[in-house]
Structure formats: structure tokens, C-alpha cells
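Structure record follows, encoded as C-alpha cells.
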Amino acid sequence: MFMYNKKFLFLISALLLFLVNCSYSSLQTQISEKQNIKEWFLSTKYGSVESSITWPSDNNPYPSLLMIQSSDRDNQKNTKELLSLIGYPIIAMSISLPGIGNSTGPHDFGGMKSVESIKKAINYLVKINNNQKKIIFLYANGFGANAAIIAASKVSNVELLILENGIFEPQKIIKKSPENIKIRLKKFLLDKEYKTIFRSSLHEIDKNQAPIFIIRNIRGKNYELEQHNELVKSLKMKKKKYKILDISEKSKSLIFQKLIIKKRVVPIIEKYFKKEIKFNYQKN
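So the sequence shown is residues 41 to 324, counted in our numbering.
Dropping the structure here:
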């Protein structure tokens, strides 16, 4: 049981990180004798990735949760999600993919730069984690889900992929996308190097060894549901483990809901450790 006021720490931490976001510098501080928080730019071969992390100060071994920010917002939304996890026995990290927030662009819609960013973040978590078995849970939505699947197939530490409303085939959703996304996506697809900088994870799903937990919003956009069906089709074809959680939300993505990581993702992780999740799996 933690002996400090979580709400007070949340407000203080939020203020500190707001000041950091305004100056685009880095910050690491101990917000209590039990909790650390850090915000900085993680370097990759493609540039800098806006990153945030919070972890218990006792240096005991804990599992890790990596959240992927792939929407047209900066990392502050995920930073609030991180702060909500203060007091939980978990190392929680968030990154903004290329072209999102203050990360080096341009946006590659879940392409190879995004894959490299996620791999770099996973390697960072492996490096700092004292747990003998490096257990990492990976949460991503939208275009980030495509990069997350490919990145997870290239490392050995991802225990569970938690995906929501993933987009895996940009060429199929361009006509149905919001206008601001449509313009940039059209330019991206017309790039001569498109086929070398983007791969659909649906064609590489056989390389992924981690089970996939899918959050499906049954009131989501039609193209999101179509992409969901394509993912499930690929998982069934390759006989991969997966689980579907159907929700009904007006907004297109849970990532924009208040503290959804604490309310939705943490319970999934807890059920996973308790072995209460029954995955769909076709042996034949």
C-alpha cells in the first residue's frame, strides 16, 4: 500500500512534464521515494523519438508496458496515461512514432521507421529492466499496430501484443480516411520508395510468436472493422493465438478516452498473468 497522495503526485508530475513539453528538453526526476519519471528523446538511426517512462524506485524486477502513440497528437496524452499508473508494479513507457508529436518525421504510417522506433524502445526496456525474464507488453492502435506486429517478430521479449483498431493496409482505407489523413496518405502511397519503406504485417504474421489480444470497437469506422477482419483472417490462416474483446464506444479509438490504459489494458495484463485469457488457436 502506497503511503503518498497519488492525486497530488499526479498533478505535480503533470505540471513538470507540461513544462518539459513546452521546452522540448529532457527531464528525469524522482516524484516520490517510490516512483521515478523521465521524459526525453530516444535516438534511432532515423532521428529522435519522443519518449516518456515511469517506474518504481525500489529496483525490484517488474514487467514492462510499452504504449505506442500513432495519432496526430503529441506524447502528452500517453504521458497522462503513464501518470495514472503511478503505484502499479509495472514499468510503463510511451513513445510517439515518426512524424507524431515532436518525433522526427515524416509520418510513415506504421512503416519501417516506426518499426525501428518500437524496436529501439523495446531494447531500451530490456536494458533497464532488472527482471531476469524481460517481460514486455506492447499496446498499439491505428497505424502503430502494423509496426508493432513487425517489431515484435524481430525481438524475443514481447509477451503479449494488445492491438486496437489496427490499420495494416493503407491503400485500402485511403478513400474512407479523414481528409487530413487522406492527403498525407495519398502523398505517401505515391512515393517511389513506398514499397521499400512499408510492409503490411498481415503478410508477416507467421513470423510473430507473441499471442495477440485485439480490442475491437463494434461501433468504429467501417474501414477499421474491415481491417480487423483482415487481421483475424491472417491469424486464423497462420494458426496464431489471438483473443478478441468487443467494446462499444462512440469515439473511434480508446486511446482518446480518459485513462483507458489503467481501465482497460492493465486488467488485460492482470488476467494474462492469472492465465484467465483463453486464446483462440487452431491446431489443425
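Backbone N, C-alpha and C fix where the C-beta goes; we use that ideal spot for every residue, glycine too.
Glu90 and Ser143 do touch by the CB rule: their CB atoms are close to 5 Å apart, below 8 Å. Phe81 is bridged by DSSP to Glu90. In this structure, DSSP gives Gln172 a state outside helix and strand, which the three-state scheme calls coil. By the CB criterion at 7 Å, Leu200 and Pro251 fall inside the cutoff. Within the segment 161-206, the complete alpha helix (DSSP H) runs of at least 4 residues fall at 183-193.
Asn76 and Pro103 have their C-alpha atoms roughly 16 Å apart. With 16 or more other CB atoms across the displayed protein chains lying within 10 angstroms of its CB, Arg256 is buried. The beta-carbon separation of Ile308 and Ile162, rounded to 19 Å, does not stay under the 8 Å limit for a contact.
With respect to the 7 Å criterion, Ser241 and Arg259 are not classified as neighbours on the basis of their beta carbons. By the neighbour-count criterion, in which a residue is buried when 16 or more other Cβ atoms sit within 10 angstroms of its Cβ, Glu156 is buried.
If you ignore the 5 residues before and after Lys215, its C-beta comes within less than 7 Å of no other C-beta in its own chain. Annotated as proximal: Gly184 and Ser110, with beta-carbon spacing under 7 Å.
Between the segment 270-278 and the segment 217-224, the count of C-beta pairs closer than 8 Å stays below three; the two stretches do not touch. With respect to the 7 Å criterion, Ala132 and Leu125 are classified as neighbours on the basis of their beta carbons. At a Cβ-Cβ threshold of 7 Å, Ile189 and Tyr263 do not count as neighbours. For Phe81, the closest of Lys160, Phe253 and Leu285 by C-alpha to C-alpha distance is Lys160. In the three-state reduction of the DSSP assignment, Gln211 falls in the helix class.
DSSP, reduced to helix, strand and coil, places Gln109 within a strand of the structure shown. Cβ neighbours of Phe238 within its own chain (closer than 6 Å, five residues either side excluded): Gly151.
Apart from sequence neighbours up to five positions away, the residues of its chain that approach Ala187 with a beta-carbon distance below 6 Å are Gly150, Ser154, Val155 and Ile158, ordered along the chain. Nearest to Asp98 by alpha-carbon distance, out of Ile245, His147, Tyr164 and Asn171, is Asn171. When DSSP reads this structure, Asn257 sits in a beta bridge with Ile287.
Under the three-state reduction of DSSP, Tyr128 is assigned to coil, being neither helix nor strand.
Distance between Tyr86 and Ala180, taken at the CA atoms: about 20 Å.
Lys74 and Asp246 have their C-alpha atoms roughly 41 Å apart.
The C-alpha of Val305 lies about 24 Å from the C-alpha of Pro138. DSSP places Leu299 outside any alpha helix (DSSP H), giving it a letter other than H or E. Asn320 is the residue among Asn320, Lys235, Ile284 and Asn169 whose C-alpha sits nearest the C-alpha of Lys278.
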